[in-house]
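Everything in the sequence shown is counted per my numbering, starting at 1 for the first residue and increasing by one.
For every residue, glycine included, the Cβ atom is placed at its ideal position computed from N, Cα and C.
Below is one structure; the comments refer to it alone.
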Amino acid sequence: MLFLMNHEEIRIGSSVIKIVRGDITQERADAIVNATNASLRPGGGVCGAIHTAGGPAVTEDCRRVMADREPLVPGEAIATVAGDLKARYVIHALGPVWHGGEQGEPEALASAYRTSIETADKLGLQSVAFPSISTGIYGYPLMAAAHVALRALRLALERAHSVREVRVVLFDADAYEIWLGAAR
Ligand code: AR6
Numbered sequence: 001m002l003f004l005m006n007h008e009e010i011r012i013g014s015s016v017i018k019i020v021r022g023d024i025t026q027e028r029a030d031a032i033v034n035a036t037n038a039s040l041r042p043g044g045g046v047c048g049a050i051h052t053a054g055g056p057a058v059t060e061d062c063r064r065v066m067a068d069r070e071p072l073v074p075g076e077a078i079a080t081v082a083g084d085l086k087a088r089y090v091i092h093a094l095g096p097v098w099h100g101g102e103q104g105e106p107e108a109l110a111s112a113y114r115t116s117i118e119t120a121d122k123l124g125l126q127s128v129a130f131p132s133i134s135t136g137i138y139g140y141p142l143m144a145a146a147h148v149a150l151r152a153l154r155l156a157l158e159r160a161h162s163v164r165e166v167r168v169v170l171f172d173a174d175a176y177e178i179w180l181g182a183a184r
């Protein structure tokens, strides 16, 4: 069952998706999701901010994880330690680069959200904070991304065992307003 409580909160059974404005590096969720690159390098955007706030422990754990595996494909996600962040884990999710929408971008974006929830669920976590994956440097149009993400989050929450709360943390006013519009 899905109904809208107010402009910022979507209830799905006993779970909830909250849409908030803020800086994800300050979130206290069990895990924060990072909009990463294929090799889990620090990079720019929200990824650079998470590596800076998390400190060398996060970057070193990324290097350790990548030492014995191939680069991520869009839609994959991997958990690491969270270093100095207020979260317990960082889940690094790779969104697609936008190439016009006909090259599997919606499926890869949905997978990035779904796989992040599944990763958190395997770790027994309750709360997960997401940024708006792919909508910065990777160029995915915000409204389209928000619709894909909200549907993927709803479906993943319906199947999750431990994850009960998702917070989507939007950095700027435009992104926040667009996500609210998509939720309505
Ligand atoms: N908290 C929440 N959201 C933020 C923050 C923050 N502190 N900072 C930026 N955003 P982007 P992508 C928003 O470009 O498009 C990196 O170099 C931002 O406004 O960070 O998935 C990676 O290493 C935007 O809406 O991620 C990859 O190479 C959203 O986060 C590449 O960029 C995502 O923007 C990934 O590109």
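Apart from the 5 residues on each side of it in sequence, residue 66 sits with its Cβ closer than 8 Å to the Cβ of 39, 40 in its chain, given in chain order. A residue is called buried when at least 16 other Cβ atoms come within 10 angstroms of its Cβ; residue 29 meets this threshold and is buried. Runs of alpha helix (DSSP H) with 4 or more residues, each lying fully within the stretch 92-133, are found at 105-122, listed in chain order. Using a 10 angstroms sphere on the CB of residue 167, the tally of other CB atoms reaches 16 or more, which defines it as buried. Secondary structure note for residue 165: its beta strand (DSSP E) is the uninterrupted segment 165-170. The DSSP-derived three-state label of residue 135 is coil. The Cβ atoms of residue 112 and residue 150 lie no closer than 9 Å to each other.
Look at the beta carbons and you see the stretch 86-94 touching the stretch 19-35: at least three pairs across the two are nearer than 8 Å.
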